[in-house]
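Notes to accompany the following structure.
2 protein chains.
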Amino acid sequence: MAYVGKYFDQAPYRVYCLVGDGEAAEGSIWESLHFASHYKLDNLVVIFDVNRLGQSEPTSLQHHVEVYDARLKSFGFHSLVVDGHDVTELVKAFDEAATVSGKPTALVAKTFKGKGFPGIEDLENWHGKALGADGEKVIKHLQSQIKNNTISLKPKPPLAEAPRVHIGDITLSSPPAYKQGEQVATRLAYGTALKKIADTNLRVIALDGDTKNSTFSDKLRNAYPDRYIECFIAEQNLVGVATGAACRDRTVAFVSTFAAFFSRTFDQIRMGAISQSNINLAGSHCGVSIGEDGPSQMGLEDLALFRAVPTATVFYPSDAVSTERAVELAANTKGICYIRTSRPNTSMLYPNDEVFKVGQAKVVRQSPKDQVLLIGAGITLHESVAAAEALKAEGINARVLDPFTIKPLDEAAVLANARACGGRVVVVEDHYQAGGIGEAVLSAVALQRDVVVKHVFVTEVPRSGPPAALLDKYGLSAPHIASAARAVLKA
Amino acid sequence: MAYVGKYFDQAPYRVYCLVGDGEAAEGSIWESLHFASHYKLDNLVVIFDVNRLGQSEPTSLQHHVEVYDARLKSFGFHSLVVDGHDVTELVKAFDEAATVSGKPTALVAKTFKGKGFPGIEDLENWHGKALGADGEKVIKHLQSQIKNNTISLKPKPPLAEAPRVHIGDITLSSPPAYKQGEQVATRLAYGTALKKIADTNLRVIALDGDTKNSTFSDKLRNAYPDRYIECFIAEQNLVGVATGAACRDRTVAFVSTFAAFFSRTFDQIRMGAISQSNINLAGSHCGVSIGEDGPSQMGLEDLALFRAVPTATVFYPSDAVSTERAVELAANTKGICYIRTSRPNTSMLYPNDEVFKVGQAKVVRQSPKDQVLLIGAGITLHESVAAAEALKAEGINARVLDPFTIKPLDEAAVLANARACGGRVVVVEDHYQAGGIGEAVLSAVALQRDVVVKHVFVTEVPRSGPPAALLDKYGLSAPHIASAARAVLKA
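Protein chains in written order, with my numbering: chain A, 1 to 491; chain B, 1 to 491.
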């Protein structure tokens with residue numbers, strides 16, 4: 001929010017953030033503090049409420065406000081130690097903060113939990129507890145201490161309004177323009193589309209965690225450097241900054257990093273959903289198809305994570321054309337949008353003028369006599385098409401479905417096409433079993449007796465190797481899909 | 001590892017940790033640094049390799065080693081700035097570190113990426129790239145710079161061995177001892193069992209993030225304070241410390257916090273699986289049944305997360321007896337074990353001498369004429385039993401199954417009991433749809449045409465309220481389960 005105020009809105013509003021001393025142990029706090037000083041957010045005041053007591057015992061730093069102060073100064077803050085119960089001192093500190101230029105301010109406020117509550121102040125075992133029978137007594141005691149209770153405070157009106165912005169009706173500046181037969185990675189198409197929607201709306205911004213030359217968010221940065229926020233290798237803060245930037249509809253924020261690295265920031269995403277946040281997250285380098293970089297870099301759980309977010313829309317485009325449209329749709333979709341992109345180059349499946357909708361699947365191959373439905377996405381959709389081609393040589397007709405969005409899944413299309421293929425379905429995905437496309441399809445057909453599903457997925461922690469070798473080793477290549485189809489024909 | 005060396009092994013070995021300057025932006029690093037100084041881990045040396053360059057651009061602090069130095073000092077480290085290419089200076093620094101008492105040491109090593117590679121040193125755009133045609137030339141250049149290449153280094157043998165420990169065959173010191181009709185929360189039984197296995201093996205340890213009076217890990221701490229590690233509110237480091245403590249089979253580590261908070265540390269868990277880590281994680285306060293604390297505290301995605309870990313075993317015990325056995329089994333099970341516990345008190349389902357196994361479900365209610373199978377766990381298993389009782393009054397016989405472990409799921413029991421009930425199944429869980437028990441059951445019956453599953457789950461971000469009111473509002477209470485059973489009878 002402070003970054004938006006200073007750099008995008010360029011308005012004089014100031015941002016205040018309250019941090020408990022218990023939570024000050026979270027590393028995400030220190031990621032944010034570093035970010036705030038690196039970008040010289042002098043419109044930000046962070047108040048540390050140092051009340052000494054955690055839930056189950058005193059905090060590790062207790063009332064050592066001098067340690068907080070030294071750490072905050074080393075992290076680039078103008079830091080002031082104050083008595084958090086002294087209103088005059090607090091007002092002075094806030095006034096001082098407003099005069100500081102080029103760095104954010106921190107108030108390290110020494111406080112006492114339950115201040116002024118007789119028999120409770122500064123004692124353990126009161127965390128999250130109601131006062132019960134003591135309540136009436138404490139309220140009376142506090143009321144007796146109020147001085148000057150006739151003073152009425154009149155807040156000044158704001159000095160200036162933030163600029164009005166419009167963040168709806170976002171479109172690509174030009175439609176997808178690929179040649180049939182061209183091979184383009186969906187991660188690259190993501191960058192292309194991001195730049196195109198930034199062309200048409202000044203409030204489209206991109207954020208990345210030092211992977212912009214792999215996720216291709218650098219395409220936006222190259223065109224509009226002022227609308228790109230480098231968050232370095234601190235993914236919790238990366239999502240946090242996007243959440244702040246998107247709130248109050250000030251920006252349309254697109255966050256990119258490797259799909260695997262969103263596992264590091266799932267609490268921020270979960271809390272974003274609770275807070276009705278509208279942010280767009282793009283995870284590149286999904287699955288074993290990334291190849292040699294190895295399992296630490298392979299996103300194999302990201303669909304499970306994002307499907308478990310109630311407010312999420314999950315896009316999994318399989319070619320460059322649909323990726324561009326996924327970006328455009330995400331920009332106009334409320335809630336948390338996730339776009340899963342792939343590392344390898346893949347061929348076009350759709351003409352440049354194909355129309356895509358959230359929750360609308362596409363049949364990419366069919367015949368009137370199909371016996372089995374293959375469902376894949378990304379690299380496994382292309383492998384499924386190859387498998388269908390191989391099966392045709394054996395006289396087996398396979399239909400191939402591209403779900404486009406995994407959440408919401410086009411349940412009607414899944415069911416109709418499954419039934420058209422005798423209720424025989426193979427789902428193949430570059431992801432672990434739990435929570436991915438296979439289980440989404442199973443949920444869609446849970447109450448149907450006439451549909452069976454053979455699910456092909458990554459069954460163990462993978463190794464490093466060339467992409468094609470890994471796809472084959474972990475059972476996701478066309479020959480394995482064809483085998484699964486043959487097996488399900490006997491089911 | 002350093003904590004174990006100093007406090008459990010009490011051996012003179014030292015621990016060295018290498019941190020890249022890019023990753024030094026991760027908050028988890030600062031959680032760990034704080035932990036190391038708080039616990040005075042003077043057997044630890046952390047080397048920061050400050051080579052200035054990230055993947056896509058220079059790091060935010062570039063070669064400002066004085067900033068790293070100030071931050072490390074403020075975080076309680078003995079910090080030394082060194083030339084990372086000067087072997088003599090490094091040896092001196094390591095020697096100095098070994099003399100420092102009461103605090104860990106950090107070496108801030110100023111380095112250059114590609115040092116000595118002509119035309120590459122200190123330049124961008126070489127991250128993760130092979131040298132290609134330049135390789136031969138660079139190798140020759142480096143070889144030409146080697147001096148004294150006849151010196152052979154003879155490492156000294158270790159001064160002392162770490163004590164031998166035995167971490168197998170762990171048992172409860174006494175069997176579960178509950179009265180039938182007694183109401184005990186599974187989170188409380190977790191604490192009871194943790195203390196009991198600690199009675200019989202000195203290497204059982206507990207770790208928590210300032211929730212020990214809610215997760216009941218304080219039962220171990222009260223009995224064996226030296227074997228409890230308080231990690232404060234820093235969950236990434238909490239799991240990291242456990243991973244370090246458990247490696248090389250030095251301890252049997254049990255980590256507890258609220259189930260929701262493991263979402264904050266999923267990358268550490270994911271990487272733990274890749275590293276073949278053996279740790280036990282217990283998540284309390286799952287689902288809407290926690291009540292008034294609200295959605296930020298409700299674990300509603302944890303089963304999806306842990307089911308997506310290839311090396312995981314997921315326990316979801318439904319009464320105190322099975323919880324004690326889950327803890328005992330987890331202590332003896334390799335890989336990442338997760339135990340999901342609940343906040344509310346629940347009655348006993350099993351006699352104290354019931355035997356439990358990983359992957360073995362229990363039928364808790366059945367008749368020869370069952371028409372529908374109800375599958376629940378934790379609070380929803382108790383609601384399922386109540387629903388079965390209500391259905392009986394209408395002449396509908398419902399069987400009730402307790403999966404006990406969600407991963408591996410007892411697929412044979414699910415299938416056999418589903419078939420015995422006409423292939424009609426209701427799964428009800430205090431969790432979101434994606435990746436939970438319902439989808440695990442659907443995966444188990446994916447290839448069966450004769451089984452249908454009605455899945456009842458939390459469909460939106462919940463609100464705060466009394467537990468019973470929330471169970472009813474979100475459709476998990478016995479009347480809703482009975483309705484689902486009636487609906488599936490018509491399917």
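Note that the Cβ used here is the ideal one computed from N, Cα and C, for glycine as well. This one's a predicted model, so the numbers in the text were calculated from it and none came from an experiment.
In the three-state DSSP reduction, E230 (chain A) falls in the strand class (E or B). If you draw a straight line from the Cα of N201 (chain A) to the Cα of T251 (chain A), it comes to about 10 Å. Put simply, the CB of I481 (chain A) is far from chain B, with every gap to its CB atoms at 9 Å or more. Taking CB atoms only, N222 (chain B) has no neighbour in chain A less than 9 Å away.
In the DSSP assignment, F457 (chain B) forms no beta bridge with any residue. For I379 (chain B), the uninterrupted alpha helix (DSSP H) segment begins and ends at I379 to A393. By DSSP's assignment, G299 (chain A) forms a beta bridge with A:C286. Interface criterion not met: the Cβ of F48 (chain B) is under 9 Å from no Cβ in chain A. Distance from I197 (chain A) to E328 (chain A) at the Cβ level is roughly 6 Å; contact confirmed, criterion being Cβ atoms closer than 8 Å. At least 9 Å separates the CB of D86 (chain B) from every CB of chain A.
In this structure, E429 (chain A) sits away from V452 (chain A), with a CB-CB distance that is not shorter than 9 Å.
Boundaries of the beta strand (DSSP E) harbouring T405 (chain A): T405 to K407, taken from the DSSP string. If you draw a straight line from the Cα of N222 (chain A) to the Cα of N125 (chain B), it is about 16 Å long.
Contact with chain A is found for F261 (chain B), since one of that chain's Cβ atoms lies less than 9 Å from the residue's Cβ. A residue is called buried when at least 16 other Cβ atoms come within 10 angstroms of its Cβ; L153 (chain B) does not meet this threshold and is exposed. Taking the Cα positions, D218 (chain B) is about 9 Å away from D208 (chain B). For A160 (chain A), the three-state secondary structure derived from DSSP is coil. Annotation: the continuous alpha helix (DSSP H) that includes N237 (chain B) extends over E235 to A246.
When only Cα atoms are considered, A25 (chain A) and A106 (chain A) end up about 16 Å apart.
Counting of Cβ neighbours within 10 angstroms places A412 (chain B) among the exposed residues, the total staying below 16. Within the segment 66-120 of chain A, the alpha helix (DSSP H) runs of at least 4 residues that lie entirely inside it are, in chain order, 87-99. If you ignore the 5 residues before and after A98 (chain A), its C-beta comes within less than 8 Å of the C-beta of R14, all in its own chain and listed in chain order.
In terms of beta-carbon proximity, H63 (chain B) stays away from the interface with chain A, with every pair separated by 9 Å or more. DSSP places Q183 (chain B) inside the beta strand (DSSP E), whose first and last residues are Q183 to A185. Chain-order list of chain A residues neighbouring P310 (chain B): Y432, E460 and V461, by C-beta distance under 7 Å.
By the 16-neighbour rule on beta-carbons within 10 angstroms, N237 (chain B) is buried. Counting C-beta pairs closer than 8 Å gives fewer than three between the segment 329-341 of chain A and the segment 361-369 of chain A, which falls short of the contact rule. Beta-bridge pairing by DSSP links K362 (chain A) to A:D402. Any Cβ of chain B closer than 9 Å to the Cβ of K156 (chain A) would place that residue at the interface, and such an atom is absent. Interface criterion not met: the Cβ of T111 (chain B) is under 9 Å from no Cβ in chain A.
Cβ contact annotation for A246 (chain A) (same chain, cutoff 8 Å, sequence separation greater than five): V252, A253, S277, N278 and I279, in chain order.
By the criterion of a C-beta distance shorter than 6 Å, G283 (chain B) is surrounded in its chain by A259, F262, G299, D302 and R340, once the five residues flanking it on both sides are discounted. By the 16-neighbour rule on beta-carbons within 10 angstroms, N51 (chain A) is buried. Assigned with DSSP and collapsed to three states, A130 (chain A) falls in coil, not helix or strand. At least 9 Å separates the CB of A388 (chain A) from every CB of chain B. Runs of the alpha helix (DSSP H) spanning 4 or more residues and lying entirely within the segment 4-66 of chain B occur at 27-38, in chain order.
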